[in-house]
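In our numbering, the protein residues as written are 6 to 266.
Virtual Cβ for every residue (Gly too), placed ideally from N, Cα, C.
Everything numeric in this text was worked out from a predicted model, so none of it was measured.
Written out below as structure tokens is the structure these notes cover.
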């Protein structure tokens, strides 16, 4: 077999070529020359096995298999699209002019809206339409800048304008109100009892330390307080102390002494 094609390739791409394990020269990311591809198809049509083609032409077995599979599927010997998505490149090239016109007419539309508009105008179908990322790259490549959407103006017949209230005045008023509150006012209000209420509560709790619902209603009618305020502790003593003192006779009963018996 002749290796003139490989020699020509080595001379043309001096400094860029790489040598594979079989000693053949190739360029990373570039397809094989057309003459080598034709020779691979001719040898395969004569019944030569791919492994023998790989060793004789000094081409990797993977490259030989790809070329033969592509030829069996499409009948084409030429390489496919080099780099990028082929659908994106072809569709962008075919609708580039229409995309420019659409963008100039609607500069505020985003890439997804531009894509949908192209589909609605039947410039391309949903299957062949360019992706949103490719449209964004196309717009940035042209150096176009999107215009900022103008802010919505407040209507003259809004409630704030009728009352003569502005947003600045509202914020100032709210901030001044917050500043005017003292630390003591910001705390929760404590319950205060009158002398009559205290007397009524003391008498009721002396009778029954834990009044039931009926007794609480009677106390509420007499004092004018809610049941929640009635159940609050009246004195700052620990709540466990009176309970312990009241339960002391039960916990520690007195037994008669031995002398009395």
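If you compare alpha carbons, which of the options is closest to residue i?
i	options	result
residue 61	118, 82, 33 and 26	26
residue 103	80, 120 and 230	120
residue 141	117, 125 and 124	117
residue 80	43, 105, 220 and 65	43
residue 115	224, 132, 139 and 202	139
residue 202	215, 50, 212 and 229	229
residue 199	132, 234 and 218	234
residue 204	227, 217 and 231	227
residue 50	128, 212, 77 and 218	77
residue 82	47, 231 and 212	47
Taking 8 Å as the threshold (beta carbon to beta carbon), is residue i in contact with chain D?
i	result
residue 210	Absence of chain D from the displayed structure is noted, only one protein chain being present.
Is the beta carbon of residue j closer than 8 Å to that of residue i?
i	j	result
residue 41	residue 58	no
residue 28	residue 63	yes
residue 32	residue 72	no
residue 222	residue 209	no
residue 36	residue 84	yes
residue 134	residue 123	yes
Between residue i and residue j, what straight-line distance do the alpha-carbon atoms span, to the nearest angstrom?
i	j	result
residue 130	residue 24	44 Å
residue 30	residue 109	49 Å
residue 100	residue 148	18 Å
residue 125	residue 145	24 Å
residue 54	residue 105	51 Å
residue 174	residue 111	Interpretation of residue 174 is limited by its pLDDT of 49, a score under 50 that renders its predicted location unreliable; no figure is taken from the coordinates.
residue 67	residue 143	35 Å
residue 136	residue 52	43 Å
residue 206	residue 215	12 Å
residue 177	residue 197	Confidence at residue 177 is low in this model, with a pLDDT of 48, below 50, so the placement of that residue should be treated as unreliable; the coordinate-derived value is given next. Each residue's alpha carbon lies about 35 Å from the other.
Item to complete: Write down every uninterrupted run of the alpha helix (DSSP H) in the stretch 41-86 whose length is 4 residues or greater and which is fully enclosed by it, in chain order.
Response: For the stretch 41-86, whole alpha helix (DSSP H) runs of length 4 or above, ordered along the chain, are 55-62 and 66-79.
Fill in: Completely contained alpha helix (DSSP H) runs for the stretch 98-147, where each covers 4 or more residues
Entirely contained in the stretch 98-147, the alpha helix (DSSP H) runs reaching 4 residues are, in chain order, 116-125 and 137-147.
Worksheet item: Whole alpha helix (DSSP H) runs in the stretch 196-223 with 4 or more residues, listed along the chain?
Response: Complete alpha helix (DSSP H) runs here, min 4: 200-212.
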